[in-house]
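Beneath this line is the structure, given in C-alpha cells, with notes to follow.
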Amino acid sequence: QVQLVESGGGLVQPGGSLSLSCAASETLFGSNIMAWHRQAPGKQRELVAAISSGGTTNYAEPVKGRFTISRDNGKNTVYLQMNSLEPEDTAVYYCNVRMPSIPKYDYWGQGTQVTVSS
Numbered sequence: 082q083v084q085l086v087e088s089g090g091g092l093v094q095p096g097g098s099l100s101l102s103c104a105a106s107e108t109l110f111g112s113n114i115m116a117w118h119r120q121a122p123g124k125q126r127e128l129v130a131a132i133s134s135g136g137t138t139n140y141a142e143p144v145k146g147r148f149t150i151s152r153d154n155g156k157n158t159v160y161l162q163m164n165s166l167e168p169e170d171t172a173v174y175y176c177n178v179r180m181p182s183i184p185k186y187d188y189w190g191q192g193t194q195v196t197v198s199s
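This is the structure in C-alpha cells:
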C-alpha cells in the first residue's frame, strides 16, 4: 500500500506564494498520474492539477497561470508551486496517485490546510 505524505501548507496573505510537496513511500512503477486535489468547506473535492509519469500536465481553469505542478520520479515526489494566491484558494489540499490501468491503484494523502487570508 502506497502512503503519501504531504507537507508545506499554512497561512499566507493574498497575493503570496506557497509550495506543497508530497512524497510517496515507495517507488512508483508504470504509467501513473500524481495529482493535487482540494476541498473547501461546504464544497466537493476538485482536481487542481495533475502530472503523468511522462511529464504531461493538466490544470483546473481557476489555477492556470498561477500554479505549477512538477514531479521528481527519482524521489517519488510531486510538488505544487502556488503563486498569486487568492482567498478562494483556501482549502485542504490532497495528494493523489493512481494508475489508470489498475483501478485499485488509487491512493490519497491525509491532506494539508492552505489558508489565504489577510
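If you want the numbering used here, it's the 1-based position in the sequence shown plus 81. Beta carbons: idealized from backbone N, C-alpha and C, even for Gly. Note that the structure is predicted; figures quoted are calculated from it, not measured.
Assumed close pair residue i, residue j - CB separation to whole angstroms, cut-off 8 Å
i: residue 86; j: residue 190; result: 6 Å
i: residue 119; j: residue 132; result: Not a contact, Cβ separation roughly 16 Å.
i: residue 181; j: residue 98; result: Their Cβ separation, rounded to whole angstroms, is 31 Å, which puts residue 181 and residue 98 out of contact at 8 Å.
i: residue 198; j: residue 128; result: With 8 Å as the limit, residue 198 and residue 128 do not qualify as a contact, their Cβ atoms being about 24 Å apart.
6 Å CB neighbourhood of residue i in its chain, flanking five on each side removed
i: residue 145; result: none
i: residue 159; result: 103, 115 and 152
i: residue 88; result: 102
Identity of the residues DSSP links to residue i by a beta bridge
i: residue 140; result: 130
i: residue 87; result: 103
i: residue 202; result: Absent from the structure is residue 202, since the part of the chain shown begins at 82 and ends at 199.
CA-to-CA distance, residue j to residue i, given in whole angstroms
i: residue 137; j: residue 107; result: 21 Å
i: residue 177; j: residue 103; result: 9 Å
i: residue 179; j: residue 188; result: 6 Å
i: residue 116; j: residue 130; result: 6 Å
i: residue 134; j: residue 105; result: 13 Å
i: residue 175; j: residue 194; result: 9 Å
i: residue 216; j: residue 163; result: Nothing can be reported for residue 216, as the shown portion of the chain is limited to 82 through 199.
i: residue 124; j: residue 196; result: 15 Å
Buried or exposed (CB count within 10 angstroms, at least 16 for buried), residue i
i: residue 148; result: buried
i: residue 170; result: buried
i: residue 166; result: buried
i: residue 183; result: exposed
i: residue 161; result: buried
7 Å Cβ shell around residue i - same chain, five flanking residues per side excluded
i: residue 186; result: 179 and 180
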